[in-house]
Amino acid sequence: MTAIEFPAVSAAIRVRDWAEAERQARLHLSTHPHREDLLLMLAISLQMQDKIADAVAAHAQLTQRFPQNATYWGNYATALREAGSFDEAAAAHQRALQLAPDDAHELTNYGLLQLHRRDYQAARATLSRALALNPGSPEARIRAARAADACREYDEAQELLAPWRNWLPLEDDLQLELGDLLLSSGDGFDAIAVLEQLVQRAPANVSALVHLASAYERLNKLPQAQATMARIQPLRAGIGPAQAAELTHVLAKIAQRAGDLDDARVLLEGAGPRGEGDFAHYFSLADIHARLGNVEQTMQALESAHALQQVELKQAVPARFQPGASVLPAADRCIERADYERWPTLIAPEQGQSPVFIVGFPRSGTTLLEQMLDAHPHLQSMDENPFLNKLCDQLADQGIMVPYDIHRLGQRDCDELRRRYLTMVCRTVPRQWDAQIVDKNPLNMLWLPFIHRLFPNARYILALRHPCDVILSCYMQNFRSNMLAAACTTLERLATAYVASMRNWLHHVEVLQPAVLNVRNEELIADPTAQAQRIGAFLGLEDASPLLRFDQHARDKGFIATPSYTQVIQPINAKGMNRWHRYRAYLDPVLPILEPMLRHWEYPTAPAPEAAIRASA
Numbered sequence: 002m003t004a005i006e007f008p009a010v011s012a013a014i015r016v017r018d019w020a021e022a023e024r025q026a027r028l029h030l031s032t033h034p035h036r037e038d039l040l041l042m043l044a045i046s047l048q049m050q051d052k053i054a055d056a057v058a059a060h061a062q063l064t065q066r067f068p069q070n071a072t073y074w075g076n077y078a079t080a081l082r083e084a085g086s087f088d089e090a091a092a093a094h095q096r097a098l099q100l101a102p103d104d105a106h107e108l109t110n111y112g113l114l115q116l117h118r119r120d121y122q123a124a125r126a127t128l129s130r131a132l133a134l135n136p137g138s139p140e141a142r143i144r145a146a147r148a149a150d151a152c153r154e155y156d157e158a159q160e161l162l163a164p165w166r167n168w169l170p171l172e173d174d175l176q177l178e179l180g181d182l183l184l185s186s187g188d189g190f191d192a193i194a195v196l197e198q199l200v201q202r203a204p205a206n207v208s209a210l211v212h213l214a215s216a217y218e219r220l221n222k223l224p225q226a227q228a229t230m231a232r233i234q235p236l237r238a239g240i241g242p243a244q245a246a247e248l249t250h251v252l253a254k255i256a257q258r259a260g261d262l263d264d265a266r267v268l269l270e271g272a273g274p275r276g277e278g279d280f281a282h283y284f285s286l287a288d289i290h291a292r293l294g295n296v297e298q299t300m301q302a303l304e305s306a307h308a309l310q311q312v313e314l315k316q317a318v319p320a321r322f323q324p325g326a327s328v329l330p331a332a333d334r335c336i337e338r339a340d341y342e343r344w345p346t347l348i349a350p351e352q353g354q355s356p357v358f359i360v361g362f363p364r365s366g367t368t369l370l371e372q373m374l375d376a377h378p379h380l381q382s383m384d385e386n387p388f389l390n391k392l393c394d395q396l397a398d399q400g401i402m403v404p405y406d407i408h409r410l411g412q413r414d415c416d417e418l419r420r421r422y423l424t425m426v427c428r429t430v431p432r433q434w435d436a437q438i439v440d441k442n443p444l445n446m447l448w449l450p451f452i453h454r455l456f457p458n459a460r461y462i463l464a465l466r467h468p469c470d471v472i473l474s475c476y477m478q479n480f481r482s483n484m485l486a487a488a489c490t491t492l493e494r495l496a497t498a499y500v501a502s503m504r505n506w507l508h509h510v511e512v513l514q515p516a517v518l519n520v521r522n523e524e525l526i527a528d529p530t531a532q533a534q535r536i537g538a539f540l541g542l543e544d545a546s547p548l549l550r551f552d553q554h555a556r557d558k559g560f561i562a563t564p565s566y567t568q569v570i571q572p573i574n575a576k577g578m579n580r581w582h583r584y585r586a587y588l589d590p591v592l593p594i595l596e597p598m599l600r601h602w603e604y605p606t607a608p609a610p611e612a613a614i615r616a617s618a
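Numbering (the numbering used here) for the sequence shown: 2 to 618.
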């Protein structure tokens with residue numbers, strides 16, 4: 002491209018007056034129709050004004066006139082992507098990469114197209130290649146993190162974003178993407194800092210305002226969320242369909258949090274899904290219908306949600322859906338008493354220096370227990386983190402398979418594993434060294450032999466709840482974990498996973514004989530004071546009364562990394578108890594699967610009184 006020799010065009014571009022740039026480019030093209038630079042500026046000015054059809058035509062002219070120019074093919078591909086012509090865009094990107102195979106910018110744009118097409122694994126490979134060519138680029142790292150997040154490779158995404166504090170300020174779209182990824186990964190306060198900075202310098206950026214409002218809601222800062230949404234009202238006339246859909250979904254969530262369920266339902270149903278694979282929309286719609294007591298509509302929305310989510314899961318974890326595949330493979334791994342007796346005797350931390358582990362099948366009340374314990378000054382929780390899974394993965398890379406090869410771990414190995422565990426804890430929370438760590442991760446129940454090897458004197462609290470309420474609640478959740486999401490695609494799979502998990506736990510409790518306190522959610526709700534005293538006595542706490550002030554403590558924390566983040570900031574109530582009776586027609590077919598655990602834990606399946614069912618709404 003030659004230098005622009007037309008001052009009026011240059012001036013308009015310099016101040017980002019794209020309408021004037023278009024007018025000037027057209028004016029000069031009428032007398033200089035073959036000027037390459039003018040045609041390029043026309044194409045760019047059209048694209049910046051969202052005149053996509055005209056922009057596509059202008060970029061196409063450039064590729065026709067200069068077919069060996071990789072940049073023009075790349076620009077054409079980006080315009081085609083914005084026009085929704087994904088197949089043509091892919092062909093244009095491929096042509097650009099034939100001409101410039103090591104162009105990191107072009108690879109990044111091609112990866113973005115693959116993300117749009119929901120070809121997540123291909124996008125991850127393409128964007129990883131772009132990052133390898135330009136490892137110092139914040140854009141390359143952010144885009145690669147988005148692909149990793151889409152592939153549910155959350156640790157990889159977090160690692161890619163780790164240096165984000167050195168990148169600010171970024172271009173608006175990149176800073177918005179960074180904020181969204183930080184929120185998705187559980188760094189809620191960091192996400193708000195990034196988005197607030199963006200909104201401060203770009204107060205009319207509707208997408209930034211919408212994402213900031215969503216982040217405030219996620220951190221239980223509802224007044225700030227509402228105030229941020231109010232700032233958008235004067236700007237609504239100029240927003241496009243995609244922004245309008247995202248805006249409406251956030252408005253619906255805020256309305257739901259305010260108790261305006263009918264308004265929230267109307268907003269969601271009016272907006273519809275935000276794209277072809279928007280399973281989150283249907284999970285949100287199901288949640289509102291459930292709160293309204295609309296059983297049939299709830300289950301219809303959940304069926305749509307799981308069908309769409311399964312498409313993504315089959316890309317991320319295809320082995321989980323092979324014929325005959327285990328629903329929850331970790332639950333199939335057991336050791337026997339003879340295996341345990343092969344373990345060498347080692348020095349290990351005493352009970353007071355060991356974490357307290359809160360376990361139980363998800364949605365059994367583990368978050369409530371965690372918040373209760375975290376409210377005590379002598380205990381410190383760290384939200385839900387898969388530290389033990391990571392340690393087991395590291396061992397697997399060394400050929401040590403948990404639980405079968407635990408006997409191979411000697412004193413030095415266990416000391417090193419405890420050191421790594423503590424390092425991960427300290428990276429997650431500012432460690433209070435006078436407080437005992439509380440590790441709440443429900444499916445740590447499947448890692449009991451490994452935990453017992455590292456912390457043989459640790460205490461466990463097993464959260465229990467009626468199995469039918471548990472699996473119904475799980476079915477209603479949009480879990481980030483591949484393992485959980487894959488197990489939750491149908492009620493039958495869920496019931497199978499629940500029974501397998503409990504059998505695994507009960508077997509290893511019998512073999513290992515750890516110190517366990519069973520806490521039933523129903524009993525905790527009925528008499529929180531008595532249960533708090535039980536828990537306090539079990540953990541050796543002199544004063545258990547702080548456990549009962551958990552709701553205020555949770556509100557003060559802000560971000561809580563669990564699907565129940567809206568519930569644990571409220572005082573204990575009976576909502577959700579016996580809710581499964583409303584859905585009995587859908588749960589009756591899986592009662593035979595659940596029967597062994599219903600019998601073991603002595604939970605009834607007889608019809609509940611109507612008053613109890615109404616109270617569960």
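Glycine included, each C-beta is placed from N, C-alpha and C at the ideal position.
As summarised for the stretch 98-136, the continuous alpha helix (DSSP H) elements at least 4 residues long and confined to that stretch are 105-117 and 121-134, given in chain order. Leaving aside the five residues that flank A124 on each side, the residues in its chain whose CB is nearer than 6 Å to its CB run, in chain order, G112, Q115, L116 and A148. Here D51 carries a coil assignment [DSSP, helix/strand/coil]. The shortest C-alpha to C-alpha distance from E23 to any of L39, F67 and H33 is the one to L39. Per DSSP, the unbroken beta strand (DSSP E) holding F358 starts and ends at V357 to V360. In terms of CA proximity to L418, L455 leads the group M446, R428, Q399 and L455. In the DSSP secondary-structure assignment, L389 is not bridged to any residue.
If the five residues before and after S327 are omitted, its C-beta is found closer than 7 Å to the C-beta atoms of D333, all from its own chain and listed in chain order. In this structure, DSSP gives N76 a helical state, which the three-state scheme calls helix. In the DSSP assignment, Q437 falls within the unbroken beta strand (DSSP E) covering Q437 to K441. Relative to the Cα of S285, the nearest Cα in the group E277, E270 and G276 belongs to E270. Under the 8 Å Cβ criterion, the stretch 222-238 counts as touching the stretch 197-214, having at least three qualifying pairs. One thing to note: D150 has its Cβ no nearer than 7 Å to the Cβ of A141. The C-alpha of V520 lies about 22 Å from the C-alpha of A436. DSSP places L380 in the strand class (E or B) of the three-state scheme. Judged by their CB atoms, N206 and D173 are nearer to each other than the 7 Å cut-off. Here R413 is exposed: its Cβ has fewer than 16 other Cβ atoms, across all protein chains shown, within 10 Å. Counting only residues of its own chain and dropping the five nearest sequence neighbours on each side, L347 has a CB closer than 7 Å to the CB of Q412 and C415.
DSSP places R421 within a helical segment (H, G or I) once states are collapsed to three.
Taking 7 Å as the cut-off, the beta carbon of S355 is found no closer than this to the beta carbon of A203. A308 is not a Cβ neighbour of A287, given a cutoff of 7 Å. Between P363 and C469, the gap from beta carbon to beta carbon reaches 7 Å or more.
Here Y217 is buried. Its C-beta has 16 or more other C-beta atoms within 10 Å.
Contact between A93 and A78 holds: their C-beta atoms lie close to 4 Å from each other, under 8 Å. Secondary structure note for A531: its alpha helix (DSSP H) is the uninterrupted segment P529 to L540.
Here the alpha carbon of W448 sits roughly 44 Å from the alpha carbon of V200. Take P597, set aside five residues on each side of it, and the residues of its chain with a beta-carbon closer than 7 Å to its own are V500, in chain order. When DSSP assignments are scanned along the stretch 575-609, the uninterrupted stretches of alpha helix (DSSP H) that are 4 or more residues long and fall wholly within it turn out to be 585-588 and 592-601. Between the C-alpha atoms of V195 and S138 there is a straight-line separation of about 18 Å.
V591 is a Cβ neighbour of L492, given a cutoff of 7 Å.
In this structure, Q25 lies near A13, with their beta-carbon atoms less than 7 Å apart. For D264, the CB contacts under 7 Å within the same chain, skipping 5 residues up- and downstream, are A256 in chain order.
A contact is defined here as three or more CB-CB pairs under 8 Å, and the stretch 478-496 meets this definition with respect to the stretch 309-322. With a 10 Å radius around the Cβ and a threshold of 16 neighbouring Cβ atoms, T32 comes out exposed. The beta-bridge partner set that DSSP reports for I462 consists of I359 and L518. Separation of the CB atoms of R338 and V512 is rounded to 5 Å, and the pair is thereby assigned contact status at 8 Å.
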